[in-house]
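This report refers to the structure that appears directly beneath it.
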Amino acid sequence: MLLTPQSMHPRFPTSVGLLPRSLPLVVAALLLAGCQTFSEDLGDLTSGLNEPSPYEAAIWAADFNTPGRQRRGVVLLSNADFGGEEAYLELYRTLVEDSSDPLVQAAAIRALGRWGNGSDAKLIADQLDEDSAQVRLESAIALQRIHEPPIEDRIWRRLIMPDEEESIRIELAIALGQYDSDASFQALCLALDDRSLSINLAAADSLRVMTGRDFGLDAPTWLSWYRGRVSSGDDPFAGGETFLYPTFQRRIGFWESLAFWNSTTFEQPGVPRGMATNTRSTYEDGTAADREYENLGEGP
């Protein structure tokens, strides 16, 4: 019997014969993928040249017949320096209350959280009862940026609801860090015993900001220390830090660094509107913005 490559390797009878003919197809596919990747990178590089004008963004935001376009218009307006004009604030409020599209409503809540004031906090807090998880999440994040004590109980009551989604409860735990009260403290201590480690860490970080102490995830130690301060007549929140709402940060990509005409900048953490500043330390005092849930604890 004459041995051929096919008979020597019966499991791969066509591999040798097909490889030379398929090689050009493989190379072409790789080149096509490379061109597509380059096109995407080039698109990122030039995206800043094709942004709609403020007039177009305003037209889109008022387009109640096209939710996708309306949502993008709201996002563009809220990210602009003029996004806090009263006319736009009224539009955001209208969309929060009346929009039937959850994504449009969520975008309007984010815009109102960025530009609104204390009077908008109740409207935002009301959205914590909405069916859409995205709407509830944006509401929790927006409440980190507006300080309004009357809605504090809405935040902590939602935080301790075990059937609420984890991501939403994390943002609520962060938002509570601006309210120095017994109710908020107790709710955060309760959150330390939650099954979710992410919720535990967010609650511990807020407790640290409120009190200036760090007992990590040890709820009994937190409660024991708190009761001791209260029973001795001392203010348990006297050593706390100024609460700063968190913002998104990441490293600048290579292509972004080349787009000198549209430099990428990120919003810095800030004090919520309506919250009186004090002499406690903030990021602007020269300390690093080191709030990444690294609660190691200081012990009893």
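Under this note's numbering, read the sequence shown as residues 4 to 303, first letter to last. Cβ atoms here follow ideal geometry from the backbone N, Cα and C, with glycine treated the same way.
**Study point:** Residue range of the alpha helix (DSSP H) that includes D66
**Key:** Taking the first residue of the sequence shown as 1, we reach residue 66 at position 63. Careful: D66 lies outside any alpha helix (DSSP H) and carries neither H nor E.
Review point. Apart from the five residues on each side of it in sequence, which residues of its chain come closer than 7 Å, Cβ to Cβ, to G87?
Key: As a position in the sequence shown, residue 87 is number 84, starting the count at 1. Excluding positions up to five away in sequence, the list reads W118.
Check your understanding: Taking Cβ positions, are G277 and I149 nearer each other than 8 Å?
Key -> Position 274 of the sequence shown, counted from the start, is the residue given in the question as residue 277. Position 146 of the sequence shown, counted from the start, is the residue given in the question as residue 149. Yes, they are a contact pair.
Exercise for review: Mind checking which residues open and close the alpha helix (DSSP H) that includes Q130?
Suggested key: Numbered from 1 along the sequence shown, position 127 holds the residue referred to as residue 130. Careful: Q130 lies outside any alpha helix (DSSP H) and carries neither H nor E.
Point to revise | Buried/exposed call for D185, threshold 16 Cβ in 10 Å | key: Mapped onto the sequence shown, residue 185 falls at position 182. Counting Cβ neighbours within 10 Å, D185 comes out exposed, since fewer than 16 surround it.
Review point. Do three or more CB pairs link the segment 72–86 to the segment 104–117 at distances below 8 Å?
Key: The segment 72–86, when compared against the segment 104–117, does touch it at the 8 Å Cβ threshold.
Review point. Would you call the segment 167–181 and the segment 136–143 touching, i.e. three or more CB-CB distances under 8 Å?
Key: yes
**Study point:** Residues near V138 by beta carbon distance below 7 Å, same chain, minus five either side
**Key:** Against the sequence shown, residue 138 aligns to sequence position 135. Within the same chain, V138 has close Cβ partners P105, Q108, A109, I112 and Q130.
Review point. Hey, would you say L92 sits closer than 8 Å to A64, going by beta carbons?
Key: For the purposes of this step, residue 92 is taken as residue 89 along the sequence shown, with counting starting at 1. For the purposes of this step, residue 64 is taken as residue 61 along the sequence shown, with counting starting at 1. No. Outside cutoff.
Check your understanding: What are the partner residues of Y248, as DSSP defines its beta bridges?
Key -> As a position in the sequence shown, residue 248 is number 245, starting the count at 1. Answer is G273, bridged to Y248.
Review point. What separation, rounded to the nearest whole angstrom, lies between the Cα atoms of T245 and P152?
Key: Stepping through the sequence shown from its first residue, residue 245 is reached at position 242. Stepping through the sequence shown from its first residue, residue 152 is reached at position 149. Approximately 16 Å between the Cα atoms of the pair.
Check your understanding: What is the DSSP secondary structure of I1, counted as helix, strand or coil?
Key -> Residue 1 lies beyond the range of the chain shown here (4 to 303); nothing can be said about it.
Check your understanding: Does the Cβ-Cβ distance between W159 and C192 come in under 8 Å?
Key -> As a position in the sequence shown, residue 159 is number 156, starting the count at 1. As a position in the sequence shown, residue 192 is number 189, starting the count at 1. No, these two residues do not count as a Cβ contact at 8 Å.
Exercise for review: For F188, name the three-state secondary structure that DSSP assigns.
Suggested key: By 1-based counting over the sequence shown, the position of residue 188 is 185. Three-state result, F188: helix.
**Study point:** Enclosing alpha helix (DSSP H) for P239 [first to last residue]
**Key:** Numbered from 1 along the sequence shown, position 236 holds the residue referred to as residue 239. Careful: P239 lies outside any alpha helix (DSSP H) and carries neither H nor E.
Point to revise | Cβ shell of L220 (< 6 Å), same chain only, five flanking positions each side left out | key: Mapped onto the sequence shown, residue 220 falls at position 217. Same-chain partners within the cutoff: L195, N203 and A207.
Review point. Count the other CB atoms within 10 Å of the CB of V30; is the residue buried (16 or more) or exposed (fewer)?
Key: Locating residue 30 in the sequence shown gives position 27, counting from the first residue. Only weak support exists for where V30 lies, its pLDDT of 38 falling under 50; the value from the coordinates is given anyway. Under a 10 Å Cβ-count criterion, V30 is classified as exposed, with fewer than 16 other Cβ atoms of the shown protein chains found around its own Cβ.
Review point. For Y182, which three-state DSSP category applies?
Key: Taking the first residue of the sequence shown as 1, we reach residue 182 at position 179. Coil, per DSSP.
Review point. Exposed or buried, which one is G231 when buried takes at least 16 other CB atoms within 10 Å?
Key: Counting from one through the sequence shown, the residue named residue 231 turns up at place 228. Exposed is the call here.
**Study point:** Three-state class that DSSP yields for I163 in the structure shown
**Key:** Taking the sequence shown and counting its residues from 1, the one referred to as residue 163 is at position 160. Coil, per DSSP.
Exercise for review: Could you check what DSSP says for R216 in three-state terms: helix, strand or coil?
Suggested key: Stepping through the sequence shown from its first residue, residue 216 is reached at position 213. In this structure, R216 counts as coil in the three-state DSSP scheme.
Exercise for review: Return the residue from the list P165, V212 and G76 that minimises the CA-CA distance to Y58.
Suggested key: Sequence index remark: in the sequence shown, residue 58 carries index 55 (1-based). Measuring from the Cα of Y58, the nearest candidate turns out to be G76.
Point to revise | P57 in three-state terms, based on DSSP | key: Working through the sequence shown from its first residue, we reach residue 57 at position 54. Helix at P57.
Practice item. Closer than 7 Å by C-beta to V99: which residues in its own chain qualify, once you throw out the five before and the five after it? Chain order, please. Key: In the sequence shown, the residue the question calls residue 99 occupies position 96. The residues are Q108, A111, I112, L115, L126 and Q130.
Exercise for review: Report all residues from its chain with a CB closer than 6 Å to the CB of S201; omit the five preceding and five following residues, and keep chain order.
Suggested key: What you label residue 201 is simply residue 198 of the sequence shown in a count that begins at 1. In its chain, beyond the 5 residues on either side, I173 have a beta carbon closer than 6 Å to the beta carbon of S201.
Point to revise | Distance between beta carbons of P275 and Q181, contact taken as under 8 Å | key: Looking up residue 181 in the sequence shown gives position 178. Looking up residue 275 in the sequence shown gives position 272. Right, the Cβ-Cβ distance comes to about 6 Å (below 8 Å), so this counts as a contact.
Review point. Whose C-alpha, out of D197, S199 and V233, is nearest the C-alpha of T214?
Key: On the sequence shown, residue 214 is found 211 positions in, with the first residue counted as 1. Shortest Cα-Cα distance from T214 to any of D197, S199 and V233 involves V233.
Practice item. Report buried or exposed for E155, applying the criterion of at least 16 other Cβ atoms within 10 angstroms of its Cβ. Key: If you number the sequence shown from 1, residue 155 lands on position 152. By the 10 Å Cβ count, E155 comes out buried.
Exercise for review: Report, in whole angstroms, the separation of the C-beta atoms of I171 and A205, which I expect to be a contact under 8 Å.
Suggested key: Translated into positions along the sequence shown, residue 171 becomes position 168. Translated into positions along the sequence shown, residue 205 becomes position 202. I171 to A205, Cβ: 11 Å. No contact.
Practice item. Please list, in chain order, all residues of the same chain as Y229 whose beta carbon is under 7 Å from its beta carbon, the five residues on each side excluded. Key: Taking the first residue of the sequence shown as position 1, residue 229 is located at position 226. The beta carbon of Y229 lies closer than 7 Å to those of F188 and P239 in the same chain, with the five residues before and after it left out.
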